[in-house]
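Chains as they are written, first to last, in my numbering: chain A, 25 to 579; chain B, 33 to 401.
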């Protein structure tokens with residue numbers, strides 16, 4: 025009805041551009057003598073960005089289509105954003121003055137943005153704006169226009185995405201667009217992507233030689249679409265030669281995919297291993313140096329994770345930097361707890377390892393309950409900073425998530441720092457001396473009580489740092505420590521007590537083995553198998569992979 | 033009969049704690065069912081079925097603590113996985129009770145337990161065969177924990193895994209079993225475990241008389257378990273066990289096969305724990321993988337520590353005390369319980385290394401001095 029009404033009263037594009045519901049705001053550039061809507065193609069040439077934008081809100085779809093073409097012809101960077109919004113229904117007009125705006129949904133209604141100035145126009149109710157409607161033929165026009173614009177965009181990532189989208193939707197128009205883009209494109213990666221797309225379309229060619237060439241061009245691609253296409257060619261192509269070539273190509277692609285899948289599994293294993301290492305390394309110090317089993321170690325990890333949470337609560341506007349604060353804060357917090365535990369409890373129990381185990385288990389219960397009563401029994405949310413989310417797309421078959429990647433790097437840094445501390449610093453020397461021969465160290469004037477307290481603090485502090493890393497991967501809750509305690513003991517037992525390298529090798533190999541077993545047996549069974557393996561392993565090497573040698577081993 | 037009596041006499045001779053325990057058990061065997069069944073509910077002396085079941089549960093815990101005290105107190109093996117043997121015994125009993133449900137399950141399948149029908153299983157897995165027979169189930173109650181303990185102990189003790197290493201490995205064992213039993217594919221009811229039991233040996237599990245019977249059975253089992261344990265520790269075998277607790281290398285050099293002594297003690301202890309589990313399940317009416325959780329096993333250690341290890345009756349005392357405290361505190365002040373338990377761990381290990389019994393003895397010697 026409105027549509028008809030609009031048709032009747034509009035003689036010029038100006039009128040349709042302004043729209044029937046809006047007061048006649050005249051865009052300064054659009055003259056009243058604008059060409060009538062019956063003329064096509066060249067009709068909107070004189071419009072500028074603002075005018076063409078306003079013209080999108082025409083009363084009929086033909087006029088809208090012209091406005092889209094006009095906008096696209098302008099070559100303005102803002103156009104793409106507008107057209108994408110249009111496609112997604114986020115281009116709307118304000119009922120009060122008819123202004124075309126970009127909307128995004130917020131809790132109170134819509135957040136409006138001026139597409140021309142790219143400025144914030146405030147939040148309005150959902151009834152204050154109205155969607156500019158599109159139909160199916162307009163959608164097609166939009167898709168093409170957006171693809172065309174994206175292919176000529178200044179930004180390479182936009183161009184690459186556009187090629188990817190067109191590859192997934194290869195029709196004649198898309199091929200034409202890609203062919204045109206191929207002539208002007210400079211970026212090697214994008215050229216390769218375009219070539220893949222064009223080869224993919226050439227596989228449908230009538231001439232066998234063209235098809236053969238296309239298959240040859242495709243055999244290096246890892247896209248799932250390419251593989252599916254090639255395997256269907258390998259099965260049903262009319263030409264035997266093409267068929268064979270396609271079969272060969274599929275095989276080579278599959279070998280490559282397998283290799284990348286292997287690389288991915290290894291990466292997952294390393295990432296799990298680094299988590300295990302972070303959790304176990306503090307334990308390796310306290311267990312190895314002091315012979316103390318600290319069952320509260322998991323809870324010290326939990327304290328580190330909660331410190332991250334509290335740091336983020338304290339500085340919500342600097343989320344990006346929260347990790348930088350959280351790491352030292354968690355180290356200090358968990359370290360302080362550790363020293364308190366050592367001075368308050370463990371020091372009375374030296375030489376009675378089983379009792380130490382029980383007492384520290386009691387501490388772990390207290391710490392858990394402390395968190396439950398003071399913070400919450402529920403899990404808390406720890407946010408991932410921007411730079412830790414997303415993934416590193418190496419190629420179509422392999423992508424590594426940044427948080428896991430950073431944690432692997434972070435773990436190795438922590439490990440290196442610790443190694444350096446133990447080998448090069450005075451404290452490290454004392455720690456090693458006490459570990460080797462306590463009474464002799466004391467005789468040489470080392471204050472063994474201090475060394476014990478500091479060692480325990482160090483091991484606990486590292487547990488806290490592990491908590492920061494874990495808060496980025498898993499749920500943070502009062503029970504999180506218990507999930508890691510057995511695993512970290514397994515690492516220490518497997519690697520050998522009192523040996524950081526043992527912990528490193530133990531953690532990474534357990535992580536990788538676990539991830540390799542998972543596809544065959546499921547995650548739970550993999551874990552059980554690893555536990556059984558360790559039980560059997562210590563039959564052969566009761567002191568772990570890298571046992572302590574010499575007299576210290578017997579005590 | 034005479035020889036039997038004299039054996040008991042010999043066992044409890046110079047074991048005043050044990051004698052007190054046995055007398056108390058004998059009294060409760062008579063008194064508790066009497067107060068529940070014969071005294072009318074209106075009377076102030078009436079003991080509710082709930083309390084009686086609770087007491088029965090404590091007794092099974094006491095038997096479990098006794099089993100742990102054997103290995104920890106007398107042999108120095110701190111097992112953090114005894115809950116696993118308890119749970120395995122419980123599962124064996126649970127499987128028997130499951131088969132007794134028969135057609136009365138929700139799906140009315142005479143052959144398959146409800147959860148198997150739910151999982152769309154067509155026939156009973158092979159390891160469920162025989163569990164409809166009581167004698168077979170009871171055999172499994174001791175055999176399954178015993179065999180597991182033998183295999184694990186043989187592997188561990190032969191390669192001289194001792195001290196904290198052994199504790200960690202036992203903890204890993206129970207952890208692995210917990211993960212395994214959580215899986216539906218294992219055929220033990222997964223997450224929910226085995227429950228909805230109807231009757232045992234034809235007696236309705238909900239009736240007061242059956243409950244009283246189970247209480248008496250638990251008390252008898254504890255008494256017999258105590259006597260058997262006392263017999264073991266008083267024997268030559270027991271003396272060797274204590275010797276290798278105090279000086280393992282020396283015992284080995286003298287020529288004792290240390291690992292065999294340890295393994296058989298471990299197996300015996302695991303069987304006792306299995307029996308405790310089997311008596312526990314019909315009284316609480318459920319067995320699920322949570323019983324395997326490492327927390328349960330380590331909590332059990334503190335019962336023994338509180339009572340005083342290396343005395344047997346101390347373990348019983350500790351199990352009763354701590355569990356009573358747990359029932360009371362988790363009801364009255366739920367937030368306090370874990371604080372209390374945690375504090376108990378710390379305080380007992382630092383201040384009371386010999387437990388309550390040690391404290392009593394010290395008081396006695398002070399008084400007599």
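Virtual Cβ for every residue (Gly too), placed ideally from N, Cα, C. The model shown is predicted, which means the values in this text are computed figures rather than measured ones.
### Under 8 Å by beta carbon: chain A residues contacting residue 199 of chain B
Position 167 of the second chain, counted from the first residue, corresponds to residue 199 of chain B. Going along chain A in sequence order, the residues near residue 199 of chain B (Cβ under 8 Å) are 317, 378, 381.
### Query
Going by other Cβ atoms of all chains shown within 10 Å of its Cβ, with 16 needed for buried, is residue 50 of chain A buried or exposed?
On the first chain, residue 50 of chain A is found 26 positions in, with the first residue counted as 1. Because the pLDDT at residue 50 of chain A is just 42, under 50, the model does not fix this residue reliably, and the value given afterwards should be weighed accordingly. Looking at its Cβ environment, which holds fewer than 16 other Cβ atoms inside 10 Å, residue 50 of chain A is exposed.
### Query
Hey, out of A:392, A:399, A:466, A:341, whose CA is closest to residue 409 of chain A's CA?
Position 385 of the first chain, counting from 1, holds the residue named residue 409 of chain A. For the residues A:392, A:399, A:466, A:341, the minimum Cα distance to residue 409 of chain A belongs to A:341.
### Task
Say whether chain B places a C-beta atom closer than 8 Å to the C-beta of residue 386 of chain A.
Numbered from 1 along the first chain, position 362 holds the residue referred to as residue 386 of chain A. Output row for residue 386 of chain A: interface = yes.
### Query
What separation, rounded to the nearest whole angstrom, lies between the Cα atoms of residue 559 of chain A and residue 175 of chain B?
Counting from one through the first chain, the residue named residue 559 of chain A turns up at place 535. Counting from one through the second chain, the residue named residue 175 of chain B turns up at place 143. Near 22 Å, if we compare the C-alpha coordinates of residue 175 of chain B and residue 559 of chain A.
### Query
Is the shortest distance between the beta-carbon of residue 397 of chain A and the beta-carbons of chain B less than 8 Å?
Taking the first residue of the first chain as 1, we reach residue 397 of chain A at position 373. Taking Cβ atoms only, chain B reaches closer than 8 Å to residue 397 of chain A, which makes this a yes.
### Query
Can you tell which of A:125, A:469, A:273 has the C-alpha that lies nearest to the C-alpha of residue 239 of chain A?
What you label residue 239 of chain A is simply residue 215 of the first chain in a count that begins at 1. Of the candidates A:125, A:469, A:273, the one whose C-alpha sits nearest the C-alpha of residue 239 of chain A is A:273.
#### Entry: Cβ of residue 333 of chain B within 8 Å of any chain C Cβ
The structure shown contains no chain C; its protein chains are A and B.
### Selection of the region 486-518 of chain A by Cβ proximity to chain B, strictly under 7 Å
510, 513, 514, 517
### Task
Measure the Cβ-Cβ separation of residue 321 of chain A and residue 509 of chain A and say whether it is below 8 Å.
Counted from its first residue, the first chain places residue 321 of chain A at position 297. Counted from its first residue, the first chain places residue 509 of chain A at position 485. Yes, the Cβ-Cβ distance between residue 321 of chain A and residue 509 of chain A is below 8 Å.
### Message
Quick check: does the Cβ of residue 214 of chain A come within less than 7 Å of any heavy atom belonging to the ligand FMN?
### Response
Judged by which ligands are present, the structure shown has none, so any question about the ligand FMN falls away.
### Message
Can you tell me whether residue 28 of chain A is buried or exposed? The criterion is at least 16 other CB atoms within 10 Å of its CB, across all chains shown.
### Response
Here residue 28 of chain A is taken as the residue at index 4 of the first chain, counted from 1. In this prediction, residue 28 of chain A scores a pLDDT of 42, lower than 50, which makes its location untrustworthy; no coordinate-derived value is stated.
### Query
residue 382 of chain B CB to nearest chain A CB: under 8 Å?
Counted from its first residue, the second chain places residue 382 of chain B at position 350. Chain A, which has a Cβ nearer than 8 Å to the Cβ of residue 382 of chain B, makes this yes.
### Query
Is residue 314 of chain B buried or exposed, if buried means 16 or more other CB atoms sit within 10 Å of its CB?
Locating residue 314 of chain B in the second chain gives position 282, where the first residue counts as 1. Buried, since its Cβ has 16 or more Cβ neighbours within 10 Å.
### Query
Under 8 Å, do residue 122 of chain B and residue 312 of chain B count as touching if we go by C-beta distance?
Along the second chain, read from residue 1 onward, the residue named residue 122 of chain B stands at position 90. Along the second chain, read from residue 1 onward, the residue named residue 312 of chain B stands at position 280. In terms of Cβ geometry, residue 122 of chain B and residue 312 of chain B form a close pair [threshold 8 Å].
### Query
Counting along the chain, where does the beta strand (DSSP E) carrying residue 155 of chain A start and finish?
Your numbering for residue 155 of chain A matches position 131 in the first chain. Element bounds for residue 155 of chain A: 153-155.
### Interface residues of chain B facing residue 551 of chain A [CB-CB closer than 7 Å]
Taking the first residue of the first chain as position 1, residue 551 of chain A is located at position 527. Neighbours of residue 551 of chain A on chain B, chain order: 211.
#### Entry: Against chain A: residues of the region 165-199 of chain B by CB proximity under 7 Å
Within the region 165-199 of chain B, the qualifying residues are 187, 191, 192, 193, 195, 196, 197, 199.
### Task
Can you give me the start and stop residues for the beta strand (DSSP E) that residue 129 of chain A sits inside?
Locating residue 129 of chain A in the first chain gives position 105, counting from the first residue. 124-130 is the span of the beta strand (DSSP E), which, as asked, contains residue 129 of chain A.
### Query
Should residue 305 of chain A be flagged as near chain B, meaning a C-beta pair shorter than 8 Å?
Counting from one through the first chain, the residue named residue 305 of chain A turns up at place 281. No, residue 305 of chain A does not count as interfacial toward chain B.
### Query
Does any CB atom of chain A fall closer than 8 Å to the CB of residue 367 of chain B?
Working through the second chain from its first residue, we reach residue 367 of chain B at position 335. For residue 367 of chain B, a Cβ of chain A is located within less than 8 Å of the residue's own Cβ.
### Query
Can you tell me where the beta strand (DSSP E) with residue 159 of chain B in it begins and where it stops?
Translated into the one-based positions of the second chain, residue 159 of chain B becomes position 127. Careful: residue 159 of chain B lies outside any beta strand (DSSP E) and carries neither H nor E.
### Query
According to DSSP, what are the bridge partners of residue 419 of chain A?
As a working mapping, residue 419 of chain A is identified with position 395 in the first chain. Its beta-bridge partners are A:422.
### Query
With distances taken from CA atoms, which of B:100, B:369, B:272, B:348 is nearest residue 358 of chain B?
Taking the second chain and counting its residues from 1, the one referred to as residue 358 of chain B is at position 326. When B:100, B:369, B:272, B:348 are compared, the shortest CA-CA separation from residue 358 of chain B is found for B:369.
#### Entry: Nearest-angstrom Cα separation, counted from residue 279 of chain A out to residue 580 of chain A
It is not possible to answer for residue 580 of chain A, since the shown part of chain A is limited to 25 through 579.
#### Entry: Simplified DSSP assignment, three categories, for residue 579 of chain A
Residue numbering aside, residue 579 of chain A sits at position 555 when the first chain is read from its first letter. Residue placement at residue 579 of chain A is flagged as unreliable, the pLDDT there being 43, under the threshold of 50; the coordinate-derived value follows with that caveat. DSSP places residue 579 of chain A in coil when its eight states are reduced to three.
### residue 45 of chain A, DSSP secondary structure in three states
To locate residue 45 of chain A, count along the first chain from 1; it is residue 21. Residue confidence for residue 45 of chain A is low, a pLDDT of 41 falling below 50, so the modelled location carries little weight and cannot support an answer.
### Query
Expressed to the nearest angstrom, what Euclidean distance is found between the alpha-carbon atoms of residue 394 of chain A and residue 532 of chain A?
As a first step, residue 394 of chain A must be located in the first chain, where it is residue number 370. As a first step, residue 532 of chain A must be located in the first chain, where it is residue number 508. Each residue's alpha carbon lies about 33 Å from the other.
#### Entry: Cut-off 6 Å between Cβ atoms - residues of its own chain near residue 445 of chain A, not counting five sequence neighbours on either side
On the first chain, position 421 is the one that residue 445 of chain A refers to. Its chain contains 452 as the residues whose beta carbon lies nearer than 6 Å to that of residue 445 of chain A, once the 5 sequence neighbours on both sides are disregarded; these appear in chain order.
### Limits of the beta strand (DSSP E) - the one that residue 144 of chain A falls within
Position 120 of the first chain, counted from the start, is the residue given in the question as residue 144 of chain A. Residues 144-148.
### Query
Taking only beta-carbon atoms, is residue 373 of chain B less than 8 Å away from chain A?
On the second chain, residue 373 of chain B is found 341 positions in, with the first residue counted as 1. Chain A has a Cβ within less than 8 Å of the Cβ of residue 373 of chain B.
### Message
On a Cα-Cα basis, can you pick out the residue from B:348, B:389, B:243 that is closest to residue 65 of chain B?
### Response
Position 33 of the second chain, counted from the start, is the residue given in the question as residue 65 of chain B. For the residues B:348, B:389, B:243, the minimum Cα distance to residue 65 of chain B belongs to B:243.
### Query
From residue 280 of chain B to residue 110 of chain B, what does the alpha carbon distance come to, in whole angstroms?
As a position in the second chain, residue 280 of chain B is number 248, starting the count at 1. As a position in the second chain, residue 110 of chain B is number 78, starting the count at 1. Straight-line Cα distance between these residues: approximately 15 Å.
### Message
Just to confirm my understanding: we take residue 200 of chain A, look at its own chain, exclude 5 residues before and 5 after, and list those with CB closer than 6 Å. What are they?
### Response
As a first step, residue 200 of chain A must be located in the first chain, where it is residue number 176. Close CB contacts of residue 200 of chain A within its chain, under the 6 Å cut and outside five residues either way in sequence, are absent.
### Task
Could you name the residues of the same chain whose beta carbon sits closer than 6 Å to that of residue 363 of chain A, not counting the 5 residues immediately before and after it, in chain order?
In the first chain, the residue the question calls residue 363 of chain A occupies position 339. These residues qualify, in order along the chain: 477, 481.
### Task
Taking residue 330 of chain B as the query, report the chain A residues whose CB atoms sit under 9 Å from its CB, ordered along the chain.
Reading the second chain from its first residue, position 298 is the one you call residue 330 of chain B. In chain order: 319, 381, 382, 385.
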